[in-house]
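J.:
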Amino acid sequence: DLDVTIRMDPGVLDCCSVKLFLQPIVENAVIHGLLEVCSGHLEIVGTRDAQRLFFVVEDDGTGIEPEKLADIRKALADGTVEGNGSFGFLSVSRRLRLFFTDDFDLDVTSAPGEGTRVCIQTPALTEDQVSAALRSRMI
7 DLDVTIRMDP
17 GVLDCCSVKL
27 FLQPIVENAV
37 IHGLLEVCSG
47 HLEIVGTRDA
57 QRLFFVVEDD
67 GTGIEPEKLA
77 DIRKALADGT
87 VEGNGSFGFL
97 SVSRRLRLFF
107 TDDFDLDVTS
117 APGEGTRVCI
127 QTPALTEDQV
137 SAALRSRMI
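Heads up: the sequence shown runs through residues 7 to 145, numbered per our numbering.
1. Can you tell me which of the three DSSP states V62 falls into?
2. Going by alpha carbons, who is nearest to N34 out of C21, L48, P129 and D109?
3. Checking the sheet assignment: what are the DSSP bridge partners for D111?
4. Hey, how far is the Cα of G69 from the Cα of F106?
5. State the beta-bridge partners of H47 as determined by DSSP.
6. What whole-angstrom Cβ distance do L40 and D65 have, given they're in contact under 8 Å?
7. Count the C-beta pairs between the stretch 123-132 and the stretch 47-63 that are closer than 8 Å, then say yes if the count reaches three, no if not.
Structural data, given as structure tokens:
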């Protein structure tokens, strides 16, 4: 059984963000973390304060080996994929960088057998703060 919990603070819905930026993160959690054990819990949470949006995608699946996690973090820092299979994370990072330059954070924590937690922070931008050119690529 796969148990999914989604919690979004109402204030998150007042903001614009990059279309489908959570999709690759959720897909990674399901395919690489939960399908291998054929069960588990996936939680997707969105919160907001006055300046920032905070998103967490967390699973209790197989987790990521330390060496692989180091490769993912290196790919995120360098912006390159060298056959380490972290394309989903890198794709999200690149898309967020296009919209927010360096004003975002994407952090991956994991341990084998304990699951994976991905935390993303972006500016909390309302529609009137986003230019018309960018608005068409955001939700």
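A virtual CB, placed ideally from N, CA and C, is assigned to each residue, including glycine.
T.: Checking against the coordinates, here is how it stands:
1. The residue labelled residue 62 in the question sits at position 56 within the sequence shown. Residue state, collapsed to three classes: strand.
2. Here the question's residue 34 lines up with position 28 in the sequence shown. Comparing Cα positions, the closest option is L48.
3. Sequence index remark: in the sequence shown, residue 111 carries index 105 (1-based). Answer is Q127, bridged to D111.
4. Within the sequence shown, the letter at position 63 stands for residue 69. Within the sequence shown, the letter at position 100 stands for residue 106. If you take the alpha carbons of G69 and F106, they lie about 29 Å apart.
5. In the sequence shown, counting from the first residue as 1, residue 47 sits at position 41. The partner list for H47 (beta bridge, DSSP) reads D9.
6. Numbered from 1 along the sequence shown, position 34 holds the residue referred to as residue 40. Numbered from 1 along the sequence shown, position 59 holds the residue referred to as residue 65. Yes, L40 and D65 are in contact; Cβ-Cβ is about 6 Å, under 8 Å.
7. yes
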